[in-house]
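A.B. asks: Residue numbers (our numbering): 14 to 375.
Quick reminder that beta carbons are idealized off the backbone N, C-alpha and C, glycines included.
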Ligand code: IPM
Ligand code: MN
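#1: Could you give the first and the last residue of the continuous beta strand (DSSP E) run that contains residue 19?
#2: May I ask you to list the residues that DSSP assigns as paired with residue 201?
#3: Could you check where the alpha helix (DSSP H) with residue 337 kicks off and where it finishes?
#4: Are the segment 149 to 161 and the segment 256 to 270 touching by the rule of at least three beta carbon pairs closer than 8 Å?
#5: Which residues does DSSP list as the beta-bridge partners of residue 161?
#6: Apply the 10 Å Cβ neighbour rule to residue 240 and answer buried if 16 or more other Cβ atoms are within range, or exposed otherwise.
#7: Which complete alpha helix (DSSP H) runs does the segment 29 to 82 hold, if anything under 4 residues is left out?
#8: Have a look at residue 130 and residue 120 and give me their C-alpha separation to the nearest angstrom.
#9: Take residue 90 as the anchor and find which of 110, 125 and 18 has the nearest alpha-carbon.
#10: Start and end of the alpha helix (DSSP H) containing residue 371?
#11: Cβ-heavy atom distance between residue 264 and the ligand IPM below 6 Å?
#12: Compute the minimum distance between the beta carbon of residue 105 and the heavy atoms of the ligand IPM, and state whether it is under 6 Å.
#13: Hey, how far is the Cα of residue 184 from the Cα of residue 218?
#14: Tell me the rounded alpha-carbon separation between residue 349 and residue 265.
#15: Let me confirm a value: residue 221 is counted as buried when at least 16 other C-beta atoms fall within 10 Å, else exposed. Which label applies?
#16: So, under 8 Å CB-CB, residue 297 and residue 278 are touching, yes? Tell me the CB distance rounded to an integer number of Å.
#17: Have a look at the DSSP bridge pairing and note the partners of residue 149.
#18: Can you give me the Cβ contacts of residue 24 inside the same chain, cut-off strictly under 7 Å, excluding the 5 residues immediately before and after it?
#19: What residue range is occupied by the uninterrupted beta strand (DSSP E) comprising residue 292?
#20: Residue 5 bridges to which residues according to DSSP?
#21: Roughly how many angstroms separate the alpha carbons of residue 172 and residue 343, rounded to a whole number?
#22: Hey, residue 321 and residue 100: beta-carbon distance below 7 Å or not?
#23: Please report how far the alpha carbon of residue 261 lies from the alpha carbon of residue 369, in whole angstroms.
#24: When burial is assigned at 16 or more other CB atoms within 10 Å of the CB, is residue 352 buried or exposed?
#25: What do you reckon, are the CB atoms on residue 319 and residue 341 nearer than 7 Å?
#26: For the beta strand (DSSP E) containing residue 91, list its first residue and its last residue.
#27: Is residue 118 buried or exposed, if buried means 16 or more other CB atoms sit within 10 Å of its CB?
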């Protein structure tokens, strides 16, 4: 029995999640497992209905009690957060970042794969060339909120935003990357940082990477500065296999990587706690202006579902969920060549058509 918590969220989130659940129903029948789904109404709309201040955080977007309840599920499937009437930061901090920290989802796993038939802005690059995975540290770095601002709105204003890097945090991300490479038969792990300037935090990453890497003699180890990595994503993405990096660098390079793989309509991700509950979500946002129009590409959400199934299978040691995840990804790859373009409203298919097609292919 797969016990799934679902947060549709805002804007087009619930629409794309519905397509994911359609595919889940199909694959659970094909493979033969039961699914129990609990919908959690956590959204910007609920925040406003409960009297949340649209300009500054006032009440919980998601409460500790709700997060404790989420811990009892096998996985969380999230659509999108983001509301046009709520100031930036409130929902992001109040839901996404809070869940990542509270549930200790210390890995943000972002596969970058060009599916067949999907347009990439990189000239002459094919699906064989674009197939790598970014392991982003997800609970430290400049995301912890350490620091502050003194004398705001005066000429003496001073702000600090601390890059909190621990050996513990770097080590568990690095180990995850090497273990992932070993498990999936990938050959190389590249550490991405900025050790030429961030000598302290970069040093922690680099020394731990080299030390831990010795335990994986069959895997090639490499290091790139983050700025150079951005160039090479565009110039020779085929070089990359598994990358491991800190929180903010991972945030930035995975948006670039998402474009390389055809855009946010196809980019999937998972916030992973390998020994707890993980949360899977498409990288794209809530796209409020498209709400209810049935035009958003659900491939990213369905690919996130494939990740959810595989990771849950790995966690619980349940082979059938891994098979289900593989079946969903294969079905996606049967459907993408029949789609015209991957951008919203120009797919040659509606959001629900794509869900139907992938479910049928499963
Ligand atoms: C992401 C997003 C978030 C992040 C924002 C919404 C807080 O950009 O998941 O990459 O920076 O991690
Ligand atoms: Mn981001």
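C.D. replies: In brief:
#1: 15 to 22
#2: 233
#3: 332 to 348
#4: As far as the Cβ criterion goes, the segment 149 to 161 touches the segment 256 to 270, which means the pair count is three or higher.
#5: 173
#6: That one is exposed.
#7: List check, alpha helix (DSSP H) in window: 57 to 62.
#8: 30 Å
#9: 18
#10: Annotation: the continuous alpha helix (DSSP H) that includes residue 371 extends over 364 to 374.
#11: yes
#12: Checking every heavy atom of the ligand IPM against the Cβ of residue 105, one is found closer than 6 Å.
#13: 8 Å
#14: 26 Å
#15: buried
#16: 7 Å between Cβ atoms; contact.
#17: 121 and 258
#18: 93, 95, 299, 300, 301 and 304
#19: 291 to 295
#20: For the chain, the structure presents residues 14 to 375; residue 5 sits outside this window and is missing.
#21: 49 Å
#22: no
#23: 36 Å
#24: The residue in question, residue 352, is buried, as its Cβ has 16 or more Cβ neighbours within 10 Å.
#25: yes
#26: 88 to 93
#27: Classification of residue 118: buried, given that the 10 Å Cβ count is 16 or more.
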